[in-house]
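First up is the structure itself, then whatever we jot down about it.
2 protein chains.
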Amino acid sequence: MSMSPKQKVYQGILEEVRNLIETNDLKPGDKLPSERELSEKLNAGRSSVREALRAMELIGVIETRRGEGTFLSKYRPYQTVELLSTFIFKETTKEELLSVKTLLEKEAAKLASTKMDESNLGLLLKKIDDPSLTMEELHFAFFSIIFEKTENQFLMRIWALIDEYTKSFTRYYSKPFYSKLITVYQSNDEQQIDSLFKEENDHNY
Amino acid sequence: MSMSPKQKVYQGILEEVRNLIETNDLKPGDKLPSERELSEKLNAGRSSVREALRAMELIGVIETRRGEGTFLSKYRPYQTVELLSTFIFKETTKEELLSVKTLLEKEAAKLASTKMDESNLGLLLKKIDDPSLTMEELHFAFFSIIFEKTENQFLMRIWALIDEYTKSFTRYYSKPFYSKLITVYQSNDEQQIDSLFKEENDHNY
DNA sequence: CCGTTAAAAGTGGTCTGACCACTTAACTAT
DNA sequence: ATAGTTAAGTGGTCAGACCACTTTTAACGG
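Chain order of the listed sequences is U and D.
Taken in order, the first sequence gives residues 1 to 205; the numbers are from the working numbering.
Taken in order, the second sequence gives residues 1001 to 1205; the numbers are from the working numbering.
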């Protein structure tokens, strides 16, 4: 029994349509066959075809115009899905994820450095001293404050997502690391942030 | 006429289900109402409900088990959608995107620095001197080589996506910038990369 | 021959109802 | 009580019917 996990029809359609796009070299803005046509050619019910198309639409691969047809999305090139699937179907290695995560944390720490005032540092300190927090919670709370200070929502979102995604296997920094970072902020020496992260990283190897 | 742009039914369902999850504080692994039940409660056809659910499934928010029901996905926390929608429903500002993009390019440049050999530098040079390339193409080709050298697929994917996404309004570096970066690589002084990016950035303001 | 207008065809949007395949719960008969 | 069977519930899929809208075609009048 090879027993391929009995793929659902709509998933098969997803593949077929992808092939169709590939084969015919369709570009953003080009028209796809109509739902009825796909239904007939792929030997599937129209509702199944629609399930596939609606999913693609939500992801942003295609757009539909009533009375006209279904088109490859102009704004979000087809390859956008690549990244999404990078997240969703974890093809990337854990190491890659963690290293990007750390990279973002380091850069955020630097970006925030010019905007850190006493009250913020107080907040950070409070997190460190809060015994009710697990290491995981401390880390997230601590860096949330930092990322907030970067005033870049997008940056924070990416980080938060990766953090969430790597929760089960992430490595945190040593306890002293967080304290040291605060000290660096007080000394106003942005340069030291790099060294701090480098030191910390060397510990792990 | 308020005339909200005549939302499709399946999109409405998407919202309703989201609310339902929020309201009942459903957590990964919890069960959603059956398709027929949703259909009835939301006054929609079952096929429309399915279109919404299939879309959610593709994104990884839910998973379905025939004969059992529909469940919130355990592996990919619900909030994964957040990032996706960050990309898809461009809520972030252009500045945020560009600044993250530059950040990634800078870090990639640094990560790659230890792995750059003569042949790679030759490749980079060739790109700079290729008159057939537009600025856009030069930039992408040039940094593709660099990101390749970071040996972090994930990092490259994020960058490539943002690059693609910001194409219409991105800023490129000055022509001398690319040459200077090569020089820095030859001198093997990783420190200078930061200064180089800082200089370049200051030009724009 | 041309331009205007009306009809027809094509397309996505949606609903209903019908089966099928599978899982779980309830209900037997032993 | 236990094993075996049945019934109910649930997702998977299809077929057909309308609706709303756009594009194409055909008909008509000038």
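Virtual Cβ for every residue (Gly too), placed ideally from N, Cα, C.
Q. Residues of chain D with a CB under 7 Å from the CB of Glu-51/U: which are they?
A. Ordered by position in chain D, the residues that pass the 7 Å Cβ test against Glu-51/U are Arg-1050, Glu-1051, Arg-1054.
Q | Candidates Leu-1196/D, Tyr-1172/D, Arg-1171/D: closest to Thr-1183/D by CA position | A | Taking Thr-1183/D as reference, the option from Leu-1196/D, Tyr-1172/D, Arg-1171/D with the minimal CA-CA separation is Leu-1196/D.
Q | Assumed close pair Ala-108/U, Leu-138/U - CB separation to whole angstroms, cut-off 8 Å | A | Rounded, the Cβ-Cβ distance is 16 Å, inconsistent with contact.
Q: Determine the chain U residues that contact Glu-1107/D at a beta-carbon separation under 8 Å, and present them in chain order.
A: Going along chain U in sequence order, the residues near Glu-1107/D (Cβ under 8 Å) are Leu-103, Glu-107.
Q. How many Å lie between Thr-170/U and Phe-1140/D at the Cα?
A. In this structure, the CA atom of Thr-170/U is about 31 Å from the CA atom of Phe-1140/D.
Q) Cβ of Ser-1047/D less than 7 Å from any chain U Cβ? A) For Ser-1047/D, a Cβ of chain U is located within less than 7 Å of the residue's own Cβ.
Q) Exposed or buried, Arg-1050/D, counting other C-beta atoms within 10 Å across all chains shown (16 or more means buried)? A) Per the 10 Å Cβ criterion, buried.
(Q) Counting only Cβ pairs nearer than 9 Å, list the residues of chain U close to Ile-1146/D. (A) The premise fails here: Ile-1146/D is roughly 14 Å from chain U at the closest Cβ pair, so nothing lies under 9 Å.
Q) So, Thr-1070/D versus Leu-1032/D, is the Cβ gap smaller than 7 Å? A) In contact: Thr-1070/D and Leu-1032/D (Cβ atoms closer than 7 Å).
Q) Nearest to Phe-1143/D by alpha carbon, out of Pro-1131/D, Asp-1130/D, Thr-1134/D, Ala-1160/D? A) Cα-wise, what sits closest to Phe-1143/D is Ala-1160/D.
Q: Determine the chain D residues that contact Tyr-10/U at a beta-carbon separation under 8 Å, and present them in chain order.
A: Within chain D, the residues near Tyr-10/U are Arg-1054.
(Q) Relative to the C-alpha of Leu-104/U, which candidate in Glu-16/U, Asn-152/U, Lys-74/U has its C-alpha closest? (A) Among Glu-16/U, Asn-152/U, Lys-74/U, the Cα nearest to that of Leu-104/U is on Asn-152/U.
Q. Who are the near neighbours of Glu-16/U in its chain, counting only those whose CB is closer than 6 Å to its CB and skipping five residues on each side?
A. Here the set comprises Leu-42.
Q) If you measure from the beta carbon of Leu-1196/D to each beta carbon in chain U, is any gap under 7 Å? A) No, no contact with chain U.
Q. List, in order along the chain, the chain D residues whose C-beta lies closer than 7 Å to that of Leu-26/U?
A. Listed along chain D is no residue with a C-beta nearer than 7 Å to that of Leu-26/U; the closest approach is about 17 Å.
Q | C-beta neighbour in chain D for Leu-133/U, strict 7 Å | A | False, the Cβ-Cβ gap to chain D never drops below 7 Å.
Q) Quick one: what does DSSP say Glu-1063/D is sitting in, helix, strand or coil? A) Strand, per DSSP.
Q | Closer than 7 Å to chain D by CB, Thr-20/U | A | Sequence inspection shows Leu at residue 20/U; the Thr mentioned does not correspond to that position. Chain D, which has no Cβ nearer than 7 Å to the Cβ of Leu-20/U, makes this no.
Q) When we look at the beta-carbon of Asp-1189/D and count the other beta-carbons within 10 Å, is it buried (16 or more) or exposed? A) Exposed, by the Cβ-count rule.
Q: Taking the CB atoms as reference points, tell me whether Leu-1058/D and Ala-55/U lie closer together than 7 Å.
A: Their beta carbons are under 7 Å apart, which means Leu-1058/D touches Ala-55/U by this criterion.
Q: Note down, in chain order, every chain U residue with its Cβ under 9 Å from the Cβ of Ile-1062/D.
A: Ordered by position in chain U, no residue passes the 9 Å Cβ test against Ile-1062/D, which lies about 12 Å from the chain.
**Q.** Given Tyr-165/U as reference, the closest of Tyr-178/U, Lys-180/U, Glu-136/U once Cα atoms are compared
**A.** That would be Glu-136/U, whose Cα lies nearest to the Cα of Tyr-165/U.
Q) How many angstroms separate the CA atom of Ser-39/U from the CA atom of Lys-1126/D? A) Going by the C-alpha atoms only, they are around 49 Å apart.
Q) Under 7 Å, do Ile-1162/D and Lys-1115/D count as touching if we go by C-beta distance? A) Cβ atoms of Ile-1162/D and Lys-1115/D: not closer than 7 Å.
Q) Who are the near neighbours of His-1203/D in its chain, counting only those whose CB is closer than 8 Å to its CB and skipping five residues on each side? A) Ser-1174, listed in sequence order.
Q: Give a yes or no on whether 7 Å exceeds the smallest Cβ distance from Leu-1058/D to chain U.
A: Between Leu-1058/D and chain U, the shortest Cβ-Cβ separation is below 7 Å.
Q | Span separating the alpha-carbon of Phe-1177/D from that of Asp-1194/D | A | If I take the Cα positions, the gap works out to 12 Å.
Q) Run through DSSP, which three-state label would Phe-208/U get? A) In the structure displayed, chain U extends from 1 to 205; residue 208/U sits before or after that span and is not available.
Q.
Just to confirm before moving on: does the CB-CB distance between Tyr-1172/D and Leu-1121/D stay below 7 Å?
A. It is not a contact, given that the beta carbons lie outside the stated cut-off.
Q: Under 7 Å Cβ to Cβ from Ile-146/U, same chain only, skipping five residues before and after it: list those, please.
A: These residues qualify, in order along the chain: Ala-108, Ala-109, Ala-112.
Q: Please name the residue or residues paired with Lys-31/U in a DSSP beta bridge.
A: Partner residues in the beta bridge of Lys-31/U, as assigned by DSSP, are Phe-71/U.
Q) Tyr-10/U to Lys-1094/D, Cα distance in whole Å? A) Near 35 Å, if we compare the C-alpha coordinates of Lys-1094/D and Tyr-10/U.
Q.
Could you tell me the alpha carbon to alpha carbon distance between Leu-97/U and Gly-1029/D, rounded to whole angstroms?
A. So the alpha carbons of these two residues sit roughly 25 Å apart.
Q: Please name the residue in Ile-1128/D, Lys-1167/D, Ile-1062/D, Ile-1158/D whose C-alpha comes closest to that of Lys-1180/D.
A: The option with the nearest alpha carbon to Lys-1180/D is Ile-1128/D.
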